[in-house]
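Report on the following structure.
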Ligand SMILES: C[S@@+](CC[C@H](N)C(=O)[O-])C[C@H]1O[C@@H](n2cnc3c(N)ncnc32)[C@H](O)[C@@H]1O
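Below, the structure is given as structure tokens:
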């Protein structure tokens, strides 16, 4: 039902949520990635931005992050790296995750959101999370995101996130059954099964970062088969 409403909303703006024709990069990596291409084969950022913003607006009332899970992750962060000073949450829509991390960690936590709706929510900046800000580099204790599947280039994106992390710091990627390849489309371009993720992250990390641990989420919504937190640590 939600999918039909999203399609209808996109049609109003003359946009079409296309399912991805599965692009298998190579046989050992077989994840799904929707490609935004101009006619000349170059990357079409403007269509990506428009699709993400339209999707954000149609789902603006929804919150996927769960407070109990953020409390659990806050405890984990404190035990692993001590009290953090600065964290970033990527792709935050209503900004609840940074609100909850701030509550449990009592430190500076901001969120990024590509949509112009960002300005409606506290501690949220309008920003494309595939890019970094100079002041974040090697200056971030932790990153959390449940929006990694919205990246147009997951390797470039995770490299960018990990460049912000201090040595020993962590990036927590929320990965559930809805992030599998079948769920990928123009709005959620990247899809991979949980068992593929450690291989992909280890390959992309090239010895600079890697998977430290995979945590089972204490809570998940009904209809979600599994929900994990992939803890990526910077060496
Ligand atoms: C699956 S929703 C998750 C929203 C929020 N984290 C939650 O738990 O409710 C993904 C969000 O990421 C945003 N987004 C998509 N691509 C983005 C990008 N490149 N940079 C920043 N935000 C992005 C979307 O606009 C959307 O609000």
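Numbering (our numbering), first residue to last: 17 to 251. C-beta atoms are modelled at their ideal positions from N, C-alpha and C, and glycine is treated no differently. Note that the structure is predicted; figures quoted are calculated from it, not measured.
Is the CB-CB distance between residue i and residue j below 8 Å?
| i | j | result |
| --- | --- | --- |
| residue 206 | residue 160 | no |
| residue 128 | residue 102 | no |
| residue 130 | residue 68 | yes |
| residue 120 | residue 231 | no |
| residue 247 | residue 228 | yes |
| residue 126 | residue 114 | yes |
| residue 158 | residue 188 | yes |
Pull up the distance between the alpha-carbon of residue i and that of residue j, whole angstroms please.
| i | j | result |
| --- | --- | --- |
| residue 217 | residue 56 | 30 Å |
| residue 77 | residue 235 | 20 Å |
| residue 156 | residue 86 | 18 Å |
| residue 124 | residue 105 | 11 Å |
| residue 169 | residue 112 | 25 Å |
| residue 90 | residue 162 | 15 Å |
| residue 63 | residue 73 | 15 Å |
| residue 38 | residue 240 | Interpretation of residue 38 is limited by its pLDDT of 44, a score under 50 that renders its predicted location unreliable; no figure is taken from the coordinates. |
| residue 152 | residue 183 | 13 Å |
| residue 134 | residue 214 | 31 Å |
| residue 219 | residue 173 | 14 Å |
| residue 222 | residue 194 | 27 Å |
| residue 88 | residue 54 | 43 Å |
| residue 79 | residue 204 | 16 Å |
| residue 199 | residue 192 | 11 Å |
| residue 100 | residue 136 | 26 Å |
| residue 140 | residue 58 | 30 Å |
| residue 177 | residue 84 | 24 Å |
| residue 66 | residue 138 | 23 Å |
| residue 98 | residue 154 | 17 Å |
When you compare each of the options to residue i by their alpha carbons, which one comes out closest?
| i | options | result |
| --- | --- | --- |
| residue 237 | 154, 164, 82 | 82 |
| residue 175 | 229, 225, 120 | 225 |
| residue 166 | 180, 95, 184, 197 | 197 |
| residue 132 | 154, 109, 243 | 109 |
| residue 149 | 179, 120, 164 | 179 |
| residue 147 | 215, 182, 61 | 61 |
| residue 242 | 250, 158, 233 | 233 |
| residue 107 | 98, 94, 71, 122 | 71 |
| residue 94 | 138, 122, 250 | 122 |
Please check the pair residue i and residue j, which I expect to be a contact at CB under 8 Å, by giving their CB distance rounded to whole angstroms.
| i | j | result |
| --- | --- | --- |
| residue 190 | residue 245 | 6 Å |
| residue 186 | residue 49 | About 25 Å separates the two Cβ atoms, so there is no contact after all. |
| residue 208 | residue 52 | Wrong, their Cβ atoms sit about 18 Å apart, outside the cutoff. |
| residue 181 | residue 75 | Contact doesn't hold; Cβ gap of about 28 Å is too wide. |
Report task. Quick one: which unbroken beta strand (DSSP E) runs of 3-plus residues sit fully inside the stretch 151-231? Chain order, please. Result -> 156-161, 181-192
Query raised in the report: At which residue ranges does the stretch 60-102 contain complete beta strand (DSSP E) runs of 3 or more residues, listed in the order of the chain?
Result: none
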